[in-house]
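S.K.:
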Amino acid sequence: MSTLKNLLDKSSLSREDIILLLQAEGEAMQDLFRKATEVKRFYVQDKVYFRGLIEFSNICSKNCYYCGIRSANRKTERYNLSDDEIVDAAIFAYENGYGSIVLQSGELSNKRFVNRISNLLSKIHGATNQKLRITLSCGEQEKDTYQKWFDLGAIRYLLRIETSNRDLFYKLHPNNRLHDFDNRLKCLEYLKDVGYQVGTGVMIGLPYQTYDDLAGDLLWMKSIDVDMVGMGPYIEHHDTPLYDLRHLLLPIGKRFELSLKMIALLRILMKDINIAAATALQAIDKTGREKAVEIGANVIMPNITPYSYRDQYKLYENKPMTTDSPDDFLARLEERIKLAKNEIAYNEWGDSKHWEEKQ
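Per my numbering, numbering through the sequence shown is continuous, rising by one, with the last residue being 828.
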């Protein structure tokens, strides 16, 4: 335990150090969490920023082995919110002081989809007096498309790599043109070149995944100098090929614990980035996101998708927040964030300080 505690006093952590800390248990794990809390408090303060999450379509061209909305899953009822429904959700976020929204969908790249996002950006900015920050999470696109959306006011973009290990990537995805590891890396470079606040993320506790893989993920995120990260535990979906490998998984509680350790280590490694407390944490532990906030995360993404669609955007089993009313959800969340010794930063954009320093 004393050896692990000494690691936390080092000015930089090696891959071997990270692997040891990922295996920390008991008091050593609490030391890790305390260190991450100190770093968070000093660099990004005890503020939590809201991103109202609008899951506007579950139509996806991809066929990822882990995902409930993969194109081959015929059991999923597909939906596509109308522009008015999306704009109304954005107005709700604006009127309730969220500061930012995330527009998330399955991955499409056809001209109709690209033009629709462009039109939505204009409509949302018009309806909210350009006072909402907009994050897009719409997958791989051409560089010109990213530039077009950026010029129309999308300042942030989330493109999760899911794993930085190429071999593991192809255990999670078909090995074909539509699921190209190098193209995903190239898209992250495009986003940086355009000027976005760039976000990525990984799944934690996957079949075949090792501590070395997870340490590599953290160091990779640092090496590409990301501005924001959303990562959380892998939770299986029974209508996916990866479900057949569930016997290889860590117990769900261990995946949760490992996710918290990943968040804490990322906060120590990248002190001033934005780190989201993933909704998947709440699927395992009702206060999972608040626990993540306490030890390093500083962003929460309340789901503001219209209720009738929420159950159909099911990337994994036991997805939470399908019936909460906005007022009840917010009151409970405020109380839990206070218990985590943090405060909600209403009406603030909450841009990544890491990104701001580079401007």
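All C-beta atoms in this analysis are idealised placements derived from N, C-alpha and C, irrespective of residue type, glycine included. Since the model is a prediction, treat every value here as computed from it, not as a measurement.
Pull up the DSSP beta-bridge partners for residue 702, would you.
M.R.: Taking the first residue of the sequence shown as position 1, residue 702 is located at position 233. Residue 702 pairs with 673.
S.K.: In this structure, does DSSP put residue 632 in helix, strand or coil?
M.R.: Translated into the one-based positions of the sequence shown, residue 632 becomes position 163. Residue 632 falls in the coil class under three-state DSSP.
S.K.: Does the distance from the CB of residue 696 to the CB of residue 633 come in under 7 Å?
M.R.: For the purposes of this step, residue 696 is taken as the residue at position 227 of the sequence shown. For the purposes of this step, residue 633 is taken as the residue at position 164 of the sequence shown. Here residue 696 is not near residue 633, since their CB atoms are 7 Å or more apart.
S.K.: Three-state secondary structure (DSSP) at residue 543?
M.R.: Taking the first residue of the sequence shown as position 1, residue 543 is located at position 74. Reduced to three states, the DSSP call for residue 543 is coil.
S.K.: Quick check for students: name the residue ranges of the alpha helix (DSSP H) that lie wholly in the region 515–573, counting only runs of 4 or more.
M.R.: 552–564
S.K.: So, are the CB atoms of residue 530 and residue 589 less than 7 Å apart?
M.R.: Counting from 1 along the sequence shown, the entry for residue 530 is found at position 61. Counting from 1 along the sequence shown, the entry for residue 589 is found at position 120. Result no, Cβ atoms of residue 530 and residue 589 do not sit closer than 7 Å.
S.K.: In whole angstroms, give me the CA-to-CA distance for residue 551 and residue 504.
M.R.: What you label residue 551 is simply residue 82 of the sequence shown in a count that begins at 1. What you label residue 504 is simply residue 35 of the sequence shown in a count that begins at 1. The straight-line gap from Cα to Cα measures roughly 45 Å.
S.K.: Drop a sphere of 10 angstroms on the beta-carbon of residue 615, count the other beta-carbons inside from all chains shown, and report buried for 16 or more, exposed for fewer.
M.R.: Along the sequence shown, one-based indexing puts residue 615 at 146. Answer is buried; the Cβ neighbour count reaches 16.
S.K.: State yes or no: is the C-beta of residue 749 within less than 7 Å of the C-beta of residue 484?
M.R.: Taking the sequence shown and counting its residues from 1, the one referred to as residue 749 is at position 280. Taking the sequence shown and counting its residues from 1, the one referred to as residue 484 is at position 15. For residue 749 and residue 484, no; Cβs fall outside 7 Å.
S.K.: Residue range of the beta strand (DSSP E) that residue 604 falls in?
M.R.: One-based indexing of the sequence shown puts residue 604 at position 135. It spans 602–606 - the beta strand (DSSP E) in which residue 604 sits, taken as one unbroken run.
S.K.: Where does residue 827 sit, in a helix, a strand or coil, going by DSSP?
M.R.: Counting from 1 along the sequence shown, the entry for residue 827 is found at position 358. If DSSP states are grouped into helix, strand and coil, residue 827 belongs with the helices.
S.K.: Would residue 759 pass as a contact of residue 805 if the rule is Cβ separation under 7 Å?
M.R.: Taking the sequence shown and counting its residues from 1, one reaches residue 759 at position 290. Taking the sequence shown and counting its residues from 1, one reaches residue 805 at position 336. Yes, the pair counts as a contact, with Cβ atoms nearer than the cut-off.
S.K.: May I have the straight-line CA-CA distance separating residue 834 from residue 678, to the nearest angstrom?
M.R.: Summary: the structure shown does not reach residue 834, with the chain confined to residues 470 through 828, and so no result is reported for it.
S.K.: Are the region 564–580 and the region 491–509 touching by the rule of at least three beta carbon pairs closer than 8 Å?
M.R.: The region 564–580 is not in contact with the region 491–509.
S.K.: Classify residue 745 as helix, strand or coil using the three-state DSSP reduction.
M.R.: By 1-based counting over the sequence shown, the position of residue 745 is 276. It is a strand residue.
S.K.: Using a 10 Å radius around the Cβ and a threshold of 16 neighbouring Cβ atoms, would you call residue 613 buried or exposed?
M.R.: If you number the sequence shown from 1, residue 613 lands on position 144. When all chains shown are included, residue 613 counts as exposed.
S.K.: With three or more beta-carbon pairs closer than 8 Å as the criterion, would you say the region 666–674 touches the region 617–635?
M.R.: The region 666–674, when compared against the region 617–635, does touch it at the 8 Å Cβ threshold.
S.K.: Taking 8 Å as the threshold, find out whether the region 763–782 comes into contact with the region 740–748 through three or more Cβ pairs.
M.R.: As far as the Cβ criterion goes, the region 763–782 touches the region 740–748, which means the pair count is three or higher.
S.K.: For residue 787, write down the residues that DSSP places opposite it in a beta bridge.
M.R.: Position 318 of the sequence shown, counted from the start, is the residue given in the question as residue 787. In DSSP, residue 787 forms no bridge with anything.
S.K.: Return the CA-CA distance between residue 543 and residue 719, expressed in angstroms with no decimal places.
M.R.: On the sequence shown, position 74 is the one that residue 543 refers to. On the sequence shown, position 250 is the one that residue 719 refers to. About 28 Å.
S.K.: Quick check on the burial criterion: 16 or more other C-beta atoms within 10 angstroms. Buried or exposed for residue 511?
M.R.: Start at 1 with the first residue of the sequence shown, and residue 511 comes out as number 42. The residue in question, residue 511, is exposed, as its Cβ has fewer than 16 Cβ neighbours within 10 Å.
S.K.: Tell me which residue opens and which closes the alpha helix (DSSP H) that residue 659 is part of.
M.R.: As a first step, residue 659 is located in the sequence shown; it is residue number 190 there, counting from the start. Note, residue 659: alpha helix (DSSP H), 650–663.
S.K.: Pick out whichever of 594, 521, 704 has its Cα sitting closest to the Cα of residue 619.
M.R.: What you label residue 619 is simply residue 150 of the sequence shown in a count that begins at 1. Per the Cα distances, 594.
S.K.: Let me confirm a value: residue 644 is counted as buried when at least 16 other C-beta atoms fall within 10 Å, else exposed. Which label applies?
M.R.: Position 175 of the sequence shown, counted from the start, is the residue given in the question as residue 644. Per the 10 Å Cβ criterion, exposed.
S.K.: If you measure between the beta carbons of residue 821 and residue 666, is that distance less than 7 Å?
M.R.: For this step, residue 821 is matched to residue 352 along the sequence shown. For this step, residue 666 is matched to residue 197 along the sequence shown. A contact, by the Cβ cut-off of 7 Å.
S.K.: Consult DSSP for residue 476 and reduce its assignment to one of helix, strand or coil.
M.R.: Residue mapping note: residue 476 aligns to position 7 of the sequence shown, counting from 1. Three-state result, residue 476: helix.
S.K.: Would you call the CB atoms of residue 675 and residue 703 closer than 7 Å?
M.R.: Translated into positions along the sequence shown, residue 675 becomes position 206. Translated into positions along the sequence shown, residue 703 becomes position 234. Closer than 7 Å, so yes.
S.K.: List the whole-angstrom C-beta distance separating residue 523 from residue 599, where the pair is believed to meet the contact cut-off of C-beta under 8 Å.
M.R.: Taking the sequence shown and counting its residues from 1, one reaches residue 523 at position 54. Taking the sequence shown and counting its residues from 1, one reaches residue 599 at position 130. Not really, about 17 Å apart at Cβ, beyond 8 Å.
S.K.: For residue 721, collect the residues of the same chain with a Cβ closer than 7 Å to its Cβ; drop the 5 residues on either side in sequence, then sort them by chain order.
M.R.: Within the sequence shown, the letter at position 252 stands for residue 721. Closer than 7 Å at the Cβ level, and outside the excluded window around residue 721, lie 753.
S.K.: On the criterion of 16 or more Cβ atoms from any shown chain inside 10 Å, does residue 546 qualify as buried, or is it exposed?
M.R.: The residue given as residue 546 occupies position 77 in the sequence shown. Residue 546 should be labelled exposed.
S.K.: Judging by CA-CA distance, which residue of 690, 650, 514, 482 is the nearest neighbour of residue 809?
M.R.: Stepping through the sequence shown from its first residue, residue 809 is reached at position 340. Answer by Cα proximity: 514.
S.K.: If we count the other Cβ atoms within 10 Å of its Cβ and call it buried at 16 or more, is residue 827 buried or exposed?
M.R.: Sequence index remark: in the sequence shown, residue 827 carries index 358 (1-based). It is exposed - the Cβ of residue 827 has fewer than 16 other Cβ atoms within 10 Å.
S.K.: Nearer than 6 Å: is that true of the beta carbon of residue 809 relative to any heavy atom of the ligand SAH?
M.R.: The ligand SAH is not part of this structure, which contains no ligands at all.
S.K.: Residue 585 lies in the alpha helix (DSSP H); which residues open and close that run?
M.R.: By 1-based counting over the sequence shown, the position of residue 585 is 116. Segment 580–596, the alpha helix (DSSP H) holding residue 585.
S.K.: Excluding the 5 residues flanking residue 761 on each side, which residues of the same chain have their C-beta closer than 7 Å to its C-beta?
M.R.: If you number the sequence shown from 1, residue 761 lands on position 292. Cβ within range, chain order: 729, 732, 746, 750.
S.K.: So, using beta-carbon positions, are residue 517 and residue 787 closer together than 7 Å?
M.R.: Taking the sequence shown and counting its residues from 1, the one referred to as residue 517 is at position 48. Taking the sequence shown and counting its residues from 1, the one referred to as residue 787 is at position 318. Result no, Cβ atoms of residue 517 and residue 787 do not sit closer than 7 Å.
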